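Protein chains: 8
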Amino acid sequence: MEQKIKKILQEVATGSLKVEEAIQQLQKESLTNLEFARIDHDRAVRCGTPEVVFGPGKTPEAICEIMQIILEKHGYALATRLSPEAAAMLQAEWPDCDYNEPARTVLLGTPPISHDDSQAVWVIAAGTSDLPVAEEACVSVSYAGYPVERLYDVGVAGIHRVLQHQDRLATAGAIIVVAGMEGALPSVVGGLVSAPIIAVPTSIGYGASFGGIAALLGMLNSCASGVTVVNIDNGFGAGAAASRILSRQQNFKKKE
Amino acid sequence: MEQKIKKILQEVATGSLKVEEAIQQLQKESLTNLEFARIDHDRAVRCGTPEVVFGPGKTPEAICEIMQIILEKHGYALATRLSPEAAAMLQAEWPDCDYNEPARTVLLGTPPISHDDSQAVWVIAAGTSDLPVAEEACVSVSYAGYPVERLYDVGVAGIHRVLQHQDRLATAGAIIVVAGMEGALPSVVGGLVSAPIIAVPTSIGYGASFGGIAALLGMLNSCASGVTVVNIDNGFGAGAAASRILSRQQNFKKKE
Amino acid sequence: MEQKIKKILQEVATGSLKVEEAIQQLQKESLTNLEFARIDHDRAVRCGTPEVVFGPGKTPEAICEIMQIILEKHGYALATRLSPEAAAMLQAEWPDCDYNEPARTVLLGTPPISHDDSQAVWVIAAGTSDLPVAEEACVSVSYAGYPVERLYDVGVAGIHRVLQHQDRLATAGAIIVVAGMEGALPSVVGGLVSAPIIAVPTSIGYGASFGGIAALLGMLNSCASGVTVVNIDNGFGAGAAASRILSRQQNFKKKE
Amino acid sequence: MEQKIKKILQEVATGSLKVEEAIQQLQKESLTNLEFARIDHDRAVRCGTPEVVFGPGKTPEAICEIMQIILEKHGYALATRLSPEAAAMLQAEWPDCDYNEPARTVLLGTPPISHDDSQAVWVIAAGTSDLPVAEEACVSVSYAGYPVERLYDVGVAGIHRVLQHQDRLATAGAIIVVAGMEGALPSVVGGLVSAPIIAVPTSIGYGASFGGIAALLGMLNSCASGVTVVNIDNGFGAGAAASRILSRQQNFKKKE
Amino acid sequence: MEQKIKKILQEVATGSLKVEEAIQQLQKESLTNLEFARIDHDRAVRCGTPEVVFGPGKTPEAICEIMQIILEKHGYALATRLSPEAAAMLQAEWPDCDYNEPARTVLLGTPPISHDDSQAVWVIAAGTSDLPVAEEACVSVSYAGYPVERLYDVGVAGIHRVLQHQDRLATAGAIIVVAGMEGALPSVVGGLVSAPIIAVPTSIGYGASFGGIAALLGMLNSCASGVTVVNIDNGFGAGAAASRILSRQQNFKKKE
Amino acid sequence: MEQKIKKILQEVATGSLKVEEAIQQLQKESLTNLEFARIDHDRAVRCGTPEVVFGPGKTPEAICEIMQIILEKHGYALATRLSPEAAAMLQAEWPDCDYNEPARTVLLGTPPISHDDSQAVWVIAAGTSDLPVAEEACVSVSYAGYPVERLYDVGVAGIHRVLQHQDRLATAGAIIVVAGMEGALPSVVGGLVSAPIIAVPTSIGYGASFGGIAALLGMLNSCASGVTVVNIDNGFGAGAAASRILSRQQNFKKKE
Amino acid sequence: MEQKIKKILQEVATGSLKVEEAIQQLQKESLTNLEFARIDHDRAVRCGTPEVVFGPGKTPEAICEIMQIILEKHGYALATRLSPEAAAMLQAEWPDCDYNEPARTVLLGTPPISHDDSQAVWVIAAGTSDLPVAEEACVSVSYAGYPVERLYDVGVAGIHRVLQHQDRLATAGAIIVVAGMEGALPSVVGGLVSAPIIAVPTSIGYGASFGGIAALLGMLNSCASGVTVVNIDNGFGAGAAASRILSRQQNFKKKE
Amino acid sequence: MEQKIKKILQEVATGSLKVEEAIQQLQKESLTNLEFARIDHDRAVRCGTPEVVFGPGKTPEAICEIMQIILEKHGYALATRLSPEAAAMLQAEWPDCDYNEPARTVLLGTPPISHDDSQAVWVIAAGTSDLPVAEEACVSVSYAGYPVERLYDVGVAGIHRVLQHQDRLATAGAIIVVAGMEGALPSVVGGLVSAPIIAVPTSIGYGASFGGIAALLGMLNSCASGVTVVNIDNGFGAGAAASRILSRQQNFKKKE
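Protein chains in written order, with my numbering: chain A, 1204 to 1459; chain B, 1204 to 1459; chain C, 1204 to 1459; chain D, 1204 to 1459; chain E, 1204 to 1459; chain F, 1204 to 1459; chain G, 1204 to 1459; chain H, 1204 to 1459.
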């Protein structure tokens, strides 16, 4: 955008463009250029994560096409919430892609990854049924270039197992806690360590869990202060939130 | 009731009452007597706890009058959810009554009490704000004749304190767990011991706690199996549930 | 765990281990051992019921594998909420297993069972549609070793039938009342006897029953005091709650 | 209205009014007259009950004024949901009015009343707290000219008392059942008799009664078929519904 | 029951039965007999309508079996909410049965029917999509022996059509108004006539109709006083409510 | 803003400003100027209505101060949702202001007003209790310069009265329909005329009206197509929506 | 209708009809004629849009039949919410029909269309998943005869793109903004221009979007005043609302 | 704790304590000491923020007492959600305290504060009514030792003002966005920068904002990925979440 504005001003300076015409051109360009700037830089520059293809409502063909474009531009690409059909077509097209079946994601290429352990994001899941959501969070964090540590099947009943990792959890870059049912796990973890905690309610449960509302309310009302919450089953969003947090740490060094 | 039926039958046997008239009298009496039987025995005989006066919607005068009747019949009486005015009038009438201000209850006389520690009911409260509900539960349990142990201010953050009492909790007759906010404490306690657990959600909290709904849903969805739940803020009901449980234990011996 | 601590202390006593090193070893071991202790004793020792395999989200193969492990350790094993496929595979593997089709459970082996009638758990169901939830409760109680009495199809319209059994209900160890629609049955039963009552709302009903919410709210607001509630359709949880209650009774004698 | 139309047509017949002008006048009048007809006949003729003054949102002065107009037209008048101020002003104006304090109603004059017992409306209330709503229903029924029978404080626990009146209930013209908490009473009554039953949920209760929603849902889901429901606390509406039912009975004879 | 009591009393009178034994026999018999009385008379005697078979949760075979029993006892029988499979089996078994496809009901035999027009029940439906619920109401009314008048597809936009029938509606025995979406039709009809009105909300609609909640709330809050409401989509319940109302009218004469 | 950009460009043209410096100045100015432009023109230019002072959360003093500023800039000013204290202070400050007590608004000065009847906005209210919301809508429309016609107290029962004005309603610029309870009035009006209709649900009602939710849902599900809805009790918003609609009409001629 | 009234009056004037008979005939005709008028003119005359066939709950055959009738009467016809089967049958019957697959609509014939740009309706959609609802709105607007401008995939993140069209949006006849998830787009657009804005929440989203409730609430609470809302996913309703607005503009000239 | 363990081990080493006795002592001490450790270090050590006194449910006297203890231990102390009475008593006790009236907080002493701008937390509020919640967040962040930047009154309509600060926002340590009504602001900010964003819904709004639910749902469904949410009105929790994030940044250097 600056190039175009510079050109206009230079033409004004050389007299080849009248002031009135320059005003008109500037008004038009400012928006158009902003618009183009947005497309080029968008997520990779401004938000830290390259664009991700959200599967639902897109045909397998459309997903493949968009993935191809992102892959060419960034060298790697991610699609989430894939139907089995879409996943199959992506695997057929890119046989060496990384298909995470429970997470329903496909990753093409290899994102640059940090090797700084203080930037590790821990993903803790209360039950085995919460695994798909937890895995989506893991994939999302990896895509943004941060190391992931998994700690699964540690519901409130298995609190000793969380305690075993208390020291390492205390130095984590961020902690994502995935839980359904009553959603109590983030409160317990939040009481143990001072790391940033992102709670993800899942729709796991039955009866009065109401598709995750019980867990969502439980997490919003956590007695451990400073616990934040994302939408029900939104593993990807939790990973994105963790990436926002990690992007603040100055000693961030990604390695190709 | 049996006395009246006996009298009718004896009159039939002696011929002073005709069969047809006896049928009519029996039909009338059976219900009337059942009705009176209900009033006499009702709670004290059938449900283990003498009737309790529920304060709201009654004038202080009416409460005093009913308390007087129960006191005469049973030797002790309890009123709950008292307005300050009603409590004041009861205290004026019976200066040596037992007024529990946070629980908003007044107890007249002394209920017979068990001294068997295996029948102790533990009342655990997550936060200091849950105290009024917890105290109402305590009063309710005492009124039914069982010993009470209090363990307050032990939210999920203070889990070590609960652990300290794990041995004694394991032998409790029943455990009432009172909690607001996300209501996670019953899950933690339920994972530690095999005693019967009655969870009481409180309306403590703000924002999306929605007057106790968050805690209620959390408790209904507890991952610790066998946790049961009563209505929001229903300390009295939790005490009554504990009394039902204790009444099953054969070695129950109350002492005056 | 005690063995390892003993060994450390003996090494300290004999001087083969320095005090400082012993401190470090103790800190590490305490958690690891607690953890292992948890796995060994967990439910069978601490909570009265051996672990139960919850079917949803597990493959039939995984269910078979876990059942095999529990069967070897405890001599009997239970799986709940089984898909037809999972049930079929379990039946193929253990042809003499006990498959309760409406309850969707499979039991391997024979749990030790109490023959004390005062420990019988009555399971009362309002309508025939509530039967699957009621049966799940029955299986859960049997698994924990207590005798079960069934009383089905006795909605509020059939109140006389409940009255017929009033005497035996009055001596029950615990009563589980399963009802959908308006969920009024626990109030009626709770008004008749002083036994512990666990109400289970079911998702049976239509229109404004909202998948069991009407019954759940009805039960939470029961005018019969001391009625406790578990989650919608949670027959297993009700059985577990009854088992917690029965485990308190001192004269408990299981027979192999 | 017919008078005005007649007059127009007579003018047309006599030639004193042109056809075109008559068309215009007819169009205007038809609505205007319908409108006035509506005011004159409205409730007293079409709906069986003279207009009732709904207190909220009206000043005491305005209420007095409207009552005066209705009193003059019909010989009696009713105001509901009165604030203490409005009730006081009405009592000052008409010292011999009938002020029902719990129902918050004032009745001026005496409505004609049926003396046919088969047209009696029974108003049954579960608890003493439901009395204001029940009384509003009673006043509403009396205002429409039907006899009222009250049966209060007969919750599900007091079912024997309802049974005592089963014979007379069976011949009632209509039964209004008022209940809060879990709202189970209409199911019990509906299972006993074939009379029309109008259930009124009240906002009595606490915790998860949610201002009457629990009772409302319980009544909508009643297992006794043919129970109908009106809005929460809507005693007046229940009385109006009963009046609609009674107005169908051919042998209806009101006596001044 | 009276016969047995009489026999006991006669034995007492003749001295062949002791008073003490008589008391025991009376207590036992009273419940047993009440119980049997209930089964014999139940709905046909006490509630005006013979038992109806509710299809969901029953196998086609079970439905056929129960229908056979009722048919033998009463001469006619009705099943509702039938799956296509159950309907097919009933049609195969009784080829001349009356299968109402939209209502999903099958009627065997012919119920006695009143020919008194003042007992006609009008069933008004707002839209064509509400037809299945309306038809279920019609079948339910016919089964109870009352004549039915249908008035379909007269939403609030077609109010003139309702006006056309105002005279006959005004003399109807009862009016059932079936509507989805905003559920405004009962308010309009309720403003026109003084007949009893039973509103049935349907789950028809989309978006924020929330499966009939919008219509349900609209009807509960109707500005036309005396409108009563049944559960969402509960055509059968509306018919049963209308039957309760009609059963009150003394000049009721059914004809075979 | 254009003036500043022109000046910069002229300096570039004359060489008194370097291209690089000009780029920096342009970037700064564009936002600052946009910002200032926003304040000057905002509502009066872009949205058709001068800024309105929303009372809640502001001190009476602050309200007076802001009103003074707007009055100076535009010649007239409006404040809404005023507390009695704020209204009193405004009246003290500007004794000849226009205080609409039910609407809780104060208007200073006189907005220019259109005298084109085809631009009249009709405000229809179902009940007298809906008047405050309706009046707020009227004030809001007048403030934007359009004529207002009021039609109050015409609930669904008074439909003939609406019919009387059908012709004039048919030519209205826009119609605002205010209703509480079941919110059926917009459906009726929407079925009569093709004018734009803005429905305003009010929190008037009781029981299951849930503070206006019943009316809101009723209006969203209106069977009359093309009815739009604003927030509960949002009379001001409805007026603003009507103003947006009127501002489209080319023959708009305001007169001072 | 006037013709018939005129005839009656003329007969009265000539004496061939008696006044009493004329009164009776007038009463009958007024309703019948109103009724017939309604059928003839209904939507095309009174509401600006010919009747539209709503697909759900109708068989493909029935849809074809109704379309045929409307086509004959008006020269064009529209069906919405078509199942694939219904769409296929319509295409088979009218091979040159206009089938909009995402919108699930079929248009027969060509509606007259305005060529006045100031009457253009802009349809803005936040995401690609909102497209079906947006397209339904477009079809609905075209059917009513107004030009449509589409602006898709401009979520809050793409706000610059909306800004690019600010000038043309400012002169739009009406703007329909379709958005799911948090539904923030109407607030942004409403802050930019003074045109009438109709917000359509879509059921797009997951977790706590609750099928469009989040978007619906967001739009009802928009901080941009004067934004109106229609039901979730109700693209057709939004188009109808826009048509109501455009029908007010006097310079409306449709061209065949 | 280590001191006590060391002492036990030394006694074992010297033979003054038997191994068996040592095991028992170790088991007891481990919990007791953990407990004391918890009290000493709790928040200041483990969670980064010293304990904060939550005002509601505590008497002014109790608040003063607890503040005194914390002040002595840490040198500074904070109380939140203070009633005017509690605030007055604290001000009387510590006249130079820092009372933030809108935030309802009192700060005693001065917390150590970071002077690293990259650790600044921006607190953005949509409207003036959101100020109390925003100020509570500011106080909470300051208490934890991080610099605060305020940006108030920048609703979606004032988006240009946010754009002005885009550069500095992009380098913020964390951003707290406080908004009521439709809660759209976090989506806009989240689309502009990659910094961590914590959204706080407020209960500001009316009608269908339902006490903040609309804003809460809007934020949970934000189309800007990686936005996290805390409870309604929970400014303190948002500050605590920001502090958790900042505590991760290695170059954290607080200055006295």
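Built from N, CA and C at the ideal position, the CB exists for glycine as well.
Please read these numbers as outputs of a predicted model, since none were measured by experiment.
Nearest residue (CA-CA) to residue i, options the options
i	options	result
D:ALA1441	D:VAL1380, D:HIS1318 and D:MET1422	D:VAL1380
G:SER1317	G:GLY1330, G:GLU1338, G:TRP1325 and G:PRO1350	G:PRO1350
C:ILE1401	C:VAL1430, C:ALA1418 and C:ALA1417	C:VAL1430
F:ALA1280	F:VAL1255, F:ALA1427, F:VAL1324 and F:THR1374	F:VAL1255
D:SER1428	D:PRO1399, D:ALA1329, D:ALA1417 and D:GLY1358	D:PRO1399
H:ASN1303	H:SER1345, H:GLN1271, H:LEU1449 and H:SER1425	H:SER1345
B:ARG1284	B:PRO1259, B:VAL1215 and B:LEU1372	B:PRO1259
Residue i classed as buried or exposed, judged by whether at least 16 other C-beta atoms fall within 10 angstroms
i	result
G:LYS1221	exposed
G:ARG1246	At G:ARG1246 the pLDDT is 41, less than 50, meaning the model places this residue with poor confidence; the figure from the coordinates comes in the next sentence. Counting Cβ neighbours within 10 Å, G:ARG1246 comes out buried, since at least 16 surround it.
D:ILE1211	buried
F:PRO1253	buried
Neighbour list for residue i in chain B, Cβ cutoff strictly below 8 Å
i	result
H:ASP1436	TYR1409 and GLY1410
Residues that residue i contacts on chain J, provided the C-beta gap is smaller than 8 Å
i	result
B:LEU1420	Any reference to chain J falls outside this structure, whose protein chains are A, B, C, D, E, F, G and H.
Where the alpha helix (DSSP H) through residue i begins and ends
i	result
B:ARG1371	1369-1373
A:ALA1445	1438-1449
B:LEU1281	Element bounds for B:LEU1281: not the alpha helix (DSSP H) but the beta strand (DSSP E), 1280-1283.
E:PRO1298	That residue, E:PRO1298, is in no alpha helix (DSSP H); it is neither H nor E in DSSP.
beta-carbon residue i near the ligand NAD non-hydrogen atom, thresh 8 Å
i	result
E:VAL1359	Summarising the ligand content, the structure contains no ligands, and the ligand NAD is consequently not present.
Interface partners of residue i on chain H, CB under 7 Å
i	result
B:SER1425	Simply none; closest approach about 21 Å.
Residue range of the beta strand (DSSP E) that includes residue i
i	result
F:LEU1310	1308-1311
F:ILE1401	1400-1404
Under 8 Å from the C-beta of residue i: neighbouring residues of chain A
i	result
B:VAL1359	ALA1387, SER1390, VAL1391, GLY1394, CYS1426 and ALA1427
Exercise. Given 8 Å as the limit, is there contact between the stretch 1376-1390 of chain F and the stretch 1389-1401 of chain H, that is, 3 or more CB pairs closer than that?
Worked result: Because the criterion of three Cβ pairs below 8 Å is not met, the stretch 1376-1390 of chain F and the stretch 1389-1401 of chain H do not touch.
Exercise. Do the stretch 1309-1325 of chain D and the stretch 1412-1429 of chain D touch if we need at least three Cβ pairs shorter than 8 Å?
Worked result: no
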